[in-house]
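See below for the structure under consideration.
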Amino acid sequence: MSTGWGRNRALLLYGLLSLAYAFLYVPIVVMIIYSFNASRLVTVWGGFSIKWYGELLQDEKVLDAAWLSLQVAVANATIATILGTLAAVVLVRFRRFRGRTLFTGMIAAPLVMPEIITGLAMLLLFVAMEQAIGWPEGRSITTIVIAHVTFSLSFVTVVVQSRLAQMDASLEEAAMDLGARPTKVFLVITLPIIAPALLAGWLLAFTLSIDDVVISAFVSGPGATPLPIVIFSKVRLGVSPEINALATIVVALVGVAMAIAGRVMLSRDRDERQHSTTSPQSV
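Per this note's numbering, the very first residue in the sequence shown carries number 725; after that it's consecutive.
Next up, the structure:
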C-alpha cells in the first residue's frame, strides 16, 4: 500500500508541477505561435508567415524605443550592480556602525514600496532639481536610468548580500594576515567567489528595467520613450501581430541571456568543485 501511495503522490506532484508550468508558459507559447500568423486578426489563424517581423523592423518608433530601452537596461544593470555590491559589502563585512539600521531600512524600502509612489517621488524630485539648479532639463534617458537604479539597486543588494553572508570570511582574513591589502583581497579572492551573484543581480536589474512601465511613465518624455511604454500604448488600441512579433523577440533575447548566464554559473561551480577536490591532494 505504501508503494501505491508513493506512486500516487509522485503523480500528484508531477501533475501540480505540470499545471504550474502550463500556467506560466502556455500564454507565451501561444503568443509566439500567433506572431507567425499571416492574418491580421490575432485570434484567427491564416497560415504561417514572417511578414510581421519585417514590418516590425520598418517601424522606426519601435526600433528607437527598443534601442533606448536596451541602453537604459544596460546602464541601469551596471550601475545598480556596482552600487548594490558596495552596499552588500558594507552590510555584511561592517556589521556594527552608527546608522546601520537606518541604512538597512533605506536599502530594503524600494522592495516593498509601490512603483507608482516611487515614480511620483522621482518625478517631483526631478522637477524640483530642474527648478533649483537647472538639471535635468526635461525628461530624458538620464532621468529614466536614475529612477531605474533607485528601485533595482535593492534587488541587487539582496542577491549579493546573501552570497557574501555564505562566504567563508577566513579566506579574506588569511590573505590579509599574509600582507594583502583590502582592495587586493576583494579583487582577487572575494570578487571571483561572488561573481555568480553579481551576474544574477545584473540580469535581475536588466530584466526589471527593460520590463518597467509604471516608473518609466513618470520619468520619460518626448524623445525618450522606452519600449514598454510604446507597447502599452499600442496594446490599448488592440493587440496586433506586430506586438506579438516584438514580444517574441524580447522573449528570445531574454532566453539567450538566461542560457548564457546559466552556463557561466554552471561552469564556475564545476571549476570550484574540481578545485576543492584537487587542492587537498596537492597539499
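Using N, Cα and C, we set each Cβ at its ideal position, and we do this for glycine too.
Next item on the list: With DSSP as the reference, label A904 as helix, strand or coil.
Entry: coil
Check: So, helix, strand or coil for F772, using DSSP?
Finding: strand
Notebook entry, point to check: Whose C-alpha, out of I913, L736, A893, T866, is nearest the C-alpha of S944?
Noted result: T866
Checklist line | Whole-angstrom distance between I917 and L990, CA atom to CA atom | finding: 13 Å
Checklist line | Residue ranges of each beta strand (DSSP E) within the segment 903 to 966, 3 or longer | finding: none
Next item on the list: Using beta-carbon positions only, say whether A832 and S894 come within less than 8 Å of one another.
Entry: no
Item checked: Close beta carbons around A929, own chain, < 7 Å, minus the five adjacent residues each side -> N800, A801, A804, T805, S876, F879, V880
Note to self: Please state whether the Cβ-Cβ distance between M755 and N968 is less than 8 Å.
What the structure shows: yes
Item checked: Buried or exposed (CB count within 10 angstroms, at least 16 for buried), N732 -> exposed
Next item on the list: Out of P920, R887, L835, point me to the one whose CA is closest to L932's CA.
Entry: L835
Item checked: Straight-line gap, G962 to H872 (C-alpha atoms, nearest Å) -> 28 Å
Margin query: Give me, in chain order, the residues of the same chain whose beta-carbon lies closer than 6 Å to that of L927; leave out the 5 immediate sequence neighbours on both sides.
Written below: A985
Item checked: Burial state of F772 (16 or more Cβ within 10 Å) -> exposed
Check: What residues in its chain sit with their C-beta under 7 Å from that of V954, if we drop five residues either side in the sequence?
Finding: K785, V786, A789
Note to self: Using a Cβ-Cβ cutoff of less than 6 Å, which residues in the same chain neighbour A921 once the five nearest sequence positions on both sides are dropped?
What the structure shows: V883, V884, R887
Check: Would you say T842 and T874 are within 8 Å of each other, going by their C-beta atoms?
Finding: yes
Next item on the list: Could you tell me the distance, in whole angstroms, from the CA atom of L814 to the CA atom of T907?
Entry: According to the sequence shown, residue 814 is Val rather than Leu. Their Cα atoms are separated by approximately 14 Å.
Next item on the list: Report the partner residues of N761 according to the DSSP bridge assignment.
Entry: F772
Notebook entry, point to check: What do you get for Y749, buried or exposed, if any count of 16 or more other CB atoms within 10 angstroms of its CB means buried?
Noted result: exposed
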